[in-house]
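Novice: For the sequence shown, our numbering begins at 1392 and goes up steadily by one.
Backbone N, C-alpha and C fix where the C-beta goes; we use that ideal spot for every residue, glycine too.
A quick note: this is a predicted structure, and the numbers were derived from the prediction, not measured.
Dropping the structure in here first, questions after.
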Amino acid sequence: MNIYKLRSLGHKRQFSLLLILIYIISLPIISTITYFVLRQNAINHAYQASRLYIAAIDAVKQYVEEELRPVLRKELPHKFILEGMSRSYAAGSTARRILQGFPDYIFKNASVNPTNLKNNADEFERGIINDFRIKKDIKEWKGFISKEGYDYYVIARAGSPVKESCLYCHGDPAAAPKEVTKRYGTTSGYYMKAGEVVDAFIVYIPIHIPLANARKAVAIFIGIYTVFFGIIFWLINKRFGWFYEKIELDKKTIEDISKEVLNLNHEMEDIVAERTMGLVGLRIADRIRNPVTVIGGLCKQLSKKEKEGIPKDKLEDILSECQKMEKIVTDFDELVRSKRFLFKREDLNEIALSTVRLLEHEVKDKAIGFAVNLYEKPLMFNANRQLIKIAIRHVISNGIDATAPGGQITILSGLKEENIYLTITDTGKGMTSEEMHRIFEPFYSTKGRTGMGLPLVRQIISEHMGKIVIDSNPNIGTTVRFTFPTRWMEKETAANE
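Structure below.
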């Protein structure tokens, strides 16, 4: 999916798609791991069972060879009792009895030279016996094989090397007991040599049944896993819908704040330009008015007196031009001073909070603490909301610039008699006394900027009949305090006109 299309989806759908992706990726991985764990458990169980089985057969063979056969030979020296003297016969009979309860298991005393042709080793079994004969240090082999359409786990144990005592039955058939030759004949199972390995005890354990059970368990797990994800998916879409709606609402709020910041920046640019022009215009008007007035006054005095060499008509022309310049300055002054914005009753706390929200991200990015402690009741006054926002935002931004990571910016508001106030304190680098004397000068800046920030702030506060007081100490910080009257008095309005 295109990344831009994915971002355009809501958080709810994004999380749902993520959940589906996790399900699709995790299901085959977990299912495969589960299957191999169950498969290995089945193999381990089969191996332990087969070892126990072979240990029982070995015990029977040793018992016949070491205890039963010597006793029978002593008691019956001229007879050979197959059932009690042949360890292979006793082992085979015991194995068949054990396997009566396990019909799917196969036991074989496979031999390359069997007395009983039923024990004749096939090609697979001969390969195992040959490995035992060549690699004498290997006594056990295990692995998988498909036999007669079924899968088996095979464990083979090397038979004991032929002993001298075994040649009594398996040497020259002419010297073998009649009981043996009569039952098995004289064509196989003879002419063995002492020390050679001719047989192996092999157990075929059907593994297809536990593997089928493992696959069944995995199928059940897949069903449970799918139901589990389905329940989570349902909960996310039904039960936690409010959470994602809140996220979407917060996202919209952030977008609205971003738009407000953008609009505020545009307004600030316009206001800064206008205020700058106004301040410069007032300064120019003040500087031009005095010289023009002096020149005009002198011309009036000279025109009233007859002086030789000074034509009166020229003086009157100069006076006329001075009066025109004075009129232009007066008109410009009135134009600048007559510029006013709309004011209405506003809450200083609410304006401060909305401005703080705009700057929270900058504060967090710089790892600066932000403490806001506002008066418990609304602080109402006559104000132009956007202008006050600009003033507060500029002072807080200055504090952010001046404060190192780990510092603190504190904002307080309150009511004192007929005035309300807002203080903004930072723990930044502070200012020297020389810098303090020049901070309100137009075009003066310590940061390489336009230098119109604080002059603009003072102009805004002044137009609201307020006062701005700044206290700063190097390496300690700066406190800026705005004070506004809760109501405008006529004399205050006239004074600020």
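Could you tell me whether the Cβ atoms of T1869 and D1817 are closer together than 8 Å?
Specialist: As a working mapping, residue 1869 is identified with position 478 in the sequence shown. As a working mapping, residue 1817 is identified with position 426 in the sequence shown. Yes, the pair counts as a contact, with Cβ atoms nearer than the cut-off.
Novice: Can you tell me whether M1716 is helix, strand or coil according to DSSP?
Specialist: Stepping through the sequence shown from its first residue, residue 1716 is reached at position 325. Three-state result, M1716: helix.
Novice: Which value, in whole angstroms, describes the spacing of the CA atoms of I1536 and Y1544?
Specialist: The residue labelled residue 1536 in the question sits at position 145 within the sequence shown. The residue labelled residue 1544 in the question sits at position 153 within the sequence shown. Roughly 7 Å separates the two Cα atoms.
Novice: Which one of I1489, A1567, L1409 has the shortest CA to CA distance from K1470?
Specialist: If you number the sequence shown from 1, residue 1470 lands on position 79. Among I1489, A1567, L1409, the Cα nearest to that of K1470 is on A1567.
Novice: For L1508, is the classification buried or exposed, using 16 other Cβ atoms within 10 angstroms of its Cβ as the cut-off for buried?
Specialist: Locating residue 1508 in the sequence shown gives position 117, where the first residue counts as 1. It is exposed - the Cβ of L1508 has fewer than 16 other Cβ atoms within 10 Å.
Novice: Pull up the CB-CB distance for I1593 and E1514, whole angstroms please, since I reckon it's below 8 Å.
Specialist: For the purposes of this step, residue 1593 is taken as the residue at position 202 of the sequence shown. For the purposes of this step, residue 1514 is taken as the residue at position 123 of the sequence shown. I1593 to E1514, Cβ: 13 Å. No contact.
Novice: For A1481, count the other beta carbons within 10 Å of its own beta carbon; 16 or more makes it buried, fewer makes it exposed. Which is it?
Specialist: Taking the first residue of the sequence shown as position 1, residue 1481 is located at position 90. It is buried - the Cβ of A1481 has at least 16 other Cβ atoms within 10 Å.
Novice: Could you round the C-beta distance between V1588 and R1524 to whole angstroms and report it? I think they count as a contact, below 8 Å.
Specialist: Counted from its first residue, the sequence shown places residue 1588 at position 197. Counted from its first residue, the sequence shown places residue 1524 at position 133. Their Cβ separation, rounded to whole angstroms, is 5 Å, which keeps V1588 and R1524 in contact under 8 Å.
Novice: State the CB to CB distance for the pair L1550 and A1486, rounded to an integer number of angstroms; the pair is presumed to be in contact (CB under 8 Å).
Specialist: Taking the first residue of the sequence shown as position 1, residue 1550 is located at position 159. Taking the first residue of the sequence shown as position 1, residue 1486 is located at position 95. One detail in the question is off: residue 1550 reads as Gly in this sequence, not Leu. 13 Å between Cβ atoms; not a contact.
Novice: For a quick check, are the C-beta atoms of A1605 and R1430 less than 8 Å apart?
Specialist: As a working mapping, residue 1605 is identified with position 214 in the sequence shown. As a working mapping, residue 1430 is identified with position 39 in the sequence shown. Yes. Within cutoff.
Novice: Where are the alpha helix (DSSP H) runs, 4 residues long or more, that stay fully inside the segment 1799-1874, in chain order?
Specialist: Runs of the alpha helix (DSSP H) inside the segment 1799-1874: 1824-1829, 1844-1854.
Novice: Evaluate T1423 with the Cβ neighbour count: other Cβ atoms within 10 Å of its Cβ, from every protein chain shown; 16 or more gives buried, anything less gives exposed.
Specialist: Here residue 1423 is taken as the residue at index 32 of the sequence shown, counted from 1. Per the 10 Å Cβ criterion, exposed.
Novice: Under the rule that 16 or more other beta-carbon atoms within 10 Å means buried, what is H1752, buried or exposed?
Specialist: The count along the sequence shown starts at 1 and reaches residue 1752 at position 361. By the 10 Å Cβ count, H1752 comes out exposed.
Novice: From V1743 to I1815, what does the alpha carbon distance come to, in whole angstroms?
Specialist: Taking the sequence shown and counting its residues from 1, the one referred to as residue 1743 is at position 352. Taking the sequence shown and counting its residues from 1, the one referred to as residue 1815 is at position 424. Per the sequence presented here, residue 1743 reads as Ala, with Val not at that position. The alpha-carbon atoms of A1743 and I1815 are separated by roughly 10 Å.
Novice: Going by Cα to Cα distance, which pick from F1624, T1794, V1871 is closest to Q1405?
Specialist: Here residue 1405 refers to the residue found at position 14 of the sequence shown. If we check each option's Cα against that of Q1405, F1624 comes out closest.
Novice: Considering R1517, what are the terminal residues of the beta strand (DSSP E) in which it resides?
Specialist: The count along the sequence shown starts at 1 and reaches residue 1517 at position 126. Unbroken run through R1517 is the alpha helix (DSSP H), 1514-1525; no beta strand (DSSP E).
Novice: Could you check the C-alpha separation between I1420 and V1609 for me, to the nearest Å?
Specialist: Counted from its first residue, the sequence shown places residue 1420 at position 29. Counted from its first residue, the sequence shown places residue 1609 at position 218. Whole-angstrom Cα-Cα distance: 12 Å.
Novice: Name the DSSP bridge partner or partners of N1511?
Specialist: If you number the sequence shown from 1, residue 1511 lands on position 120. BP columns for N1511 point to S1502.
Novice: What residues in its chain sit with their C-beta under 8 Å from that of I1780, if we drop five residues either side in the sequence?
Specialist: Indexing the sequence shown from 1 puts residue 1780 at position 389. Reading off the sequence shown, one finds Lys at residue 1780, where the question assumed Ile. Within the same chain, K1780 has close Cβ partners L1655, I1742, S1745, T1746.
Novice: Candidates G1576, K1533, E1555: which alpha carbon is nearest A1565's?
Specialist: Within the sequence shown, the letter at position 174 stands for residue 1565. Among G1576, K1533, E1555, the Cα nearest to that of A1565 is on G1576.
Novice: For the alpha helix (DSSP H) containing G1483, list its first residue and its last residue.
Specialist: If you number the sequence shown from 1, residue 1483 lands on position 92. From DSSP, the alpha helix (DSSP H) with G1483 extends over 1478-1489.
Novice: Check whether the Cβ atoms of N1521 and N1510 sit closer than 8 Å, and answer yes or no.
Specialist: Residue numbering aside, residue 1521 sits at position 130 when the sequence shown is read from its first letter. Residue numbering aside, residue 1510 sits at position 119 when the sequence shown is read from its first letter. No.
Novice: Compute the Euclidean distance between the alpha carbons of L1626 and I1613, then round it to the nearest angstrom.
Specialist: To locate residue 1626, count along the sequence shown from 1; it is residue 235. To locate residue 1613, count along the sequence shown from 1; it is residue 222. Straight-line Cα distance between these residues: approximately 20 Å.
Novice: Does the distance from the C-beta atom of G1369 to that of N1789 stay below 8 Å?
Specialist: A question about residue 1369 goes unanswered here, because the residues of the chain that appear run from 1392 up to 1888.
Novice: For the beta strand (DSSP E) containing V1594, name the first residue and the last one.
Specialist: Numbered from its first residue, the sequence shown carries residue 1594 at position 203. Note, V1594: beta strand (DSSP E), 1590-1597.
Novice: Under the three-state reduction of DSSP, which class applies to K1538: helix, strand or coil?
Specialist: Here residue 1538 refers to the residue found at position 147 of the sequence shown. Strand, per DSSP.
Novice: At what residues does the alpha helix (DSSP H) containing K1780 begin and finish?
Specialist: Working through the sequence shown from its first residue, we reach residue 1780 at position 389. Element bounds for K1780: 1776-1793.
Novice: Per DSSP, what kind of secondary structure is Y1543 in: helix, strand or coil?
Specialist: Indexing the sequence shown from 1 puts residue 1543 at position 152. The answer is strand: DSSP assigns Y1543 an E or B state.
Novice: Per DSSP, what kind of secondary structure is P1876 in: helix, strand or coil?
Specialist: Translated into positions along the sequence shown, residue 1876 becomes position 485. It is a strand residue.
Novice: Measure how close the beta-carbons of P1601 and Y1496 come, nearest whole angstrom, since I'm counting them as under 8 Å.
Specialist: Locating residue 1601 in the sequence shown gives position 210, where the first residue counts as 1. Locating residue 1496 in the sequence shown gives position 105, where the first residue counts as 1. 13 Å between Cβ atoms; not a contact.
Novice: Please list the terminal residues of the continuous beta strand (DSSP E) segment that includes D1495.
Specialist: Residue 1495 sits at position 104 when you count from the first residue of the sequence shown. Looking at the DSSP string, D1495 is not in any beta strand (DSSP E), and its letter there is neither H nor E.
Novice: Taking the Cβ atom as the reference point for each residue, do F1875 and I1811 lie within a distance shorter than 8 Å?
Specialist: In the sequence shown, the residue the question calls residue 1875 occupies position 484. In the sequence shown, the residue the question calls residue 1811 occupies position 420. It is a contact, given that the beta carbons lie within the stated cut-off.
Novice: Please state if the CB of E1767 and the CB of R1877 are separated by a distance shorter than 8 Å.
Specialist: Counting from one through the sequence shown, the residue named residue 1877 turns up at place 486. Counting from one through the sequence shown, the residue named residue 1767 turns up at place 376. Checking the displayed sequence, the identity of residue 1877 turns out to be Thr instead of Arg. Going by C-beta atoms, T1877 is not nearer than 8 Å to E1767.
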